[in-house]
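Read through the structure below, which is laid out as structure tokens, and then see the notes.
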Amino acid sequence: MKKCITASAAALALLAVTACGSGGSPAADDGTITLGFSQVGAESGWRTANTESIQQAAEDAGIDLQFSDAQQKQENQIRAIPSFIQQNVDVIAFSPVVETGWDAVLLEAQRADIPVVLTDRAIDSDDDTLYEAFLGSDFVEEGRKAGEWLVDNAEGQTNVVELQGTTGAAPAIDRQEGFAEVIADHPDIEVIATQTGDFTRSGGKEVMEAFLRSHDDIDVVYAHNDDMGLGAIEAIRAAGLEPGEDIRIITVDAVRAGMEALAEGDINFIVECNPLLGEQLMELVEQVAAGEEVPKRIEVEETTFTQEEAEAALPDRQY
Ligand code: GZL
Numbered sequence: 053m054k055k056c057i058t059a060s061a062a063a064l065a066l067l068a069v070t071a072c073g074s075g076g077s078p079a080a081d082d083g084t085i086t087l088g089f090s091q092v093g094a095e096s097g098w099r100t101a102n103t104e105s106i107q108q109a110a111e112d113a114g115i116d117l118q119f120s121d122a123q124q125k126q127e128n129q130i131r132a133i134p135s136f137i138q139q140n141v142d143v144i145a146f147s148p149v150v151e152t153g154w155d156a157v158l159l160e161a162q163r164a165d166i167p168v169v170l171t172d173r174a175i176d177s178d179d180d181t182l183y184e185a186f187l188g189s190d191f192v193e194e195g196r197k198a199g200e201w202l203v204d205n206a207e208g209q210t211n212v213v214e215l216q217g218t219t220g221a222a223p224a225i226d227r228q229e230g231f232a233e234v235i236a237d238h239p240d241i242e243v244i245a246t247q248t249g250d251f252t253r254s255g256g257k258e259v260m261e262a263f264l265r266s267h268d269d270i271d272v273v274y275a276h277n278d279d280m281g282l283g284a285i286e287a288i289r290a291a292g293l294e295p296g297e298d299i300r301i302i303t304v305d306a307v308r309a310g311m312e313a314l315a316e317g318d319i320n321f322i323v324e325c326n327p328l329l330g331e332q333l334m335e336l337v338e339q340v341a342a343g344e345e346v347p348k349r350i351e352v353e354e355t356t357f358t359q360e361e362a363e364a365a366l367p368d369r370q371y
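Anchor point for the sequence shown: position 316 equals 368 in our numbering, and the numbering is continuous, going up by one each time.
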């Protein structure tokens, strides 16, 4: 349902057209909200859970979801947003694969009077009028939690290799920042190598294989998500070492496969990143479509898990 600015009655009779938004086909006039959503891709267990949450919540809310998968490419998202504008959707929401390069396309949405909601990942822009709200996690805090566990559980010189998420992505930048901030006060904890594994299991395995070839003194892996941590486990085992023992592993997300590896002792600590944003996103979309004021930043609840806590939590996990 889109606020329409109709021409005058006489003009209307002539034009037999209402001037609605960008002039595309008018949104449903039965009150159904049409949401254009551009998803990062399908790169990880987290993303799968996030997509399922969004699709189910849209169905439950009676929101017409126009969903596009960007396959982790910014150019696909930059193409999807104008197409949502052409479809004259009521609201656009997306998880920006990287932080920068969005101003021009979001300005198009603003000029078409279509509100935008950011979910999961944030953008780095000087103009915060380009979006109504951000719904997601505090990734810097997630990095701090990972660093704090290591500070509490390291003895003496501790060499860390870091598997970064997608280059330029908010979770990768912020999880690295939070972790570095905490270990900065502990000089015997040192990141001896850091490289992107692009948030994928295969990426994590390949980078860990390279780390193992060039370093024989690795004590800990800090992986920005479970999937890269699971790839690292494969590489560590193939090198004849015991994951969770010879090389300890800290990851972020807490998806089922990660929690199972944690409970089995292959991973030592997981910082949760909650992917179940669907319901809150649809509430936001309804408020924004109705022109209501919404908070600029809405952070979701999330926790951490040790091996013992994973064992206890697994039976009740939704993903
Ligand atoms: C975090 C999300 C990240 C996950 C990864 O909110 O953007 O992207 O941590 C996913 O698993 O690929």
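Built from N, CA and C at the ideal position, the CB exists for glycine as well.
Since this is a predicted model, take the numbers as computed values, not measurements.
- Burial is judged here by how many other beta carbons sit within 10 angstroms of a residue's own beta carbon; R99 has at least 16 and is buried.
- In this structure A232 is not in contact with V323, their Cβ atoms being roughly 15 Å apart against a cut-off of 8 Å.
- When Cβ pairs closer than 8 Å are counted between the two stretches, the segment 202-209 is seen not to touch the segment 174-191, the count staying below three.
- The beta carbon of N128 sits no closer than 7 Å to any heavy atom of ligand 1.
- Secondary-structure assignment with DSSP links E316 through no beta bridge to anything.
- Around G230, the same chain offers F191, V192, E193, E194, G195, R196, K197, A198, G199 as residues with beta carbons nearer than 8 Å, after the five sequence neighbours per side are excluded.
- Taking all protein chains in view, the Cβ of H267 is surrounded by fewer than 16 other Cβ atoms within 10 Å, so the residue is classified as exposed.
- For R265, the enclosing alpha helix (DSSP H) covers residues 253-266.
- If only complete runs of 3 or more residues are kept, the segment 296-343 shows the beta strand (DSSP E) at 300-305, 321-324, in order along the chain.
- Segment contact: the segment 131-138 against the segment 83-93, three or more CB-CB distances shorter than 8 Å; contact assigned.
- Straight through space, the alpha carbons of D81 and G256 are spaced by roughly 48 Å.
- When rounded, the separation of the alpha-carbon atoms in V346 and T171 is 14 Å.
- Between L329 and S105, the CB-CB gap stays under 8 Å.
- By DSSP's assignment, F231 forms no beta bridge with any residue.
- Between I270 and L202, the CB-CB gap reaches or exceeds 8 Å.
- Between D278 and G83, the C-beta spacing is not below 8 Å.
- Judged by their CB atoms, Q359 and L314 are nearer to each other than the 8 Å cut-off.
- Residue side-chain check: R300 keeps its Cβ at 7 Å or more from all non-hydrogen atoms of ligand 1.
- Judged by their CB atoms, L333 and A291 are not nearer to each other than the 8 Å cut-off.
- Exclusion of E312 from the 7 Å shell around ligand 1 follows from its C-beta lying no nearer than that to any non-hydrogen atom of the ligand.
- The beta carbons of V213 and A245 sit closer together than 8 Å.
- Per DSSP, D190 lies in no alpha helix (DSSP H) and is assigned neither H nor E.
- DSSP, read as helix, strand or coil, puts L182 in helix.
- In this structure, DSSP gives Q126 a helical state, which the three-state scheme calls helix.
- Counting along the chain, the unbroken alpha helix (DSSP H) around T100 starts and ends at 97-113.
- Exposed is the label assigned to A364, since fewer than 16 other Cβ atoms lie within 10 Å of its Cβ.
- Rounded to whole angstroms, the gap between the alpha carbons of A109 and E361 is 29 Å.
- Leaving aside the five residues that flank R300 on each side, the residues in its chain whose CB is nearer than 6 Å to its CB run, in chain order, V272, N320.
- Q118 and V234 have their alpha carbons spaced roughly 41 Å apart.
- Secondary structure of N211 (DSSP, three-state): strand.
- Of the residues assessed, Q370 falls on the exposed side of the cut-off, its CB having fewer than 16 other CB atoms within 10 angstroms.
- For V150, the closest of E127, E160, A164 by C-alpha to C-alpha distance is E127.
- Secondary structure at Q359: helix, using DSSP grouped into helix, strand and coil.
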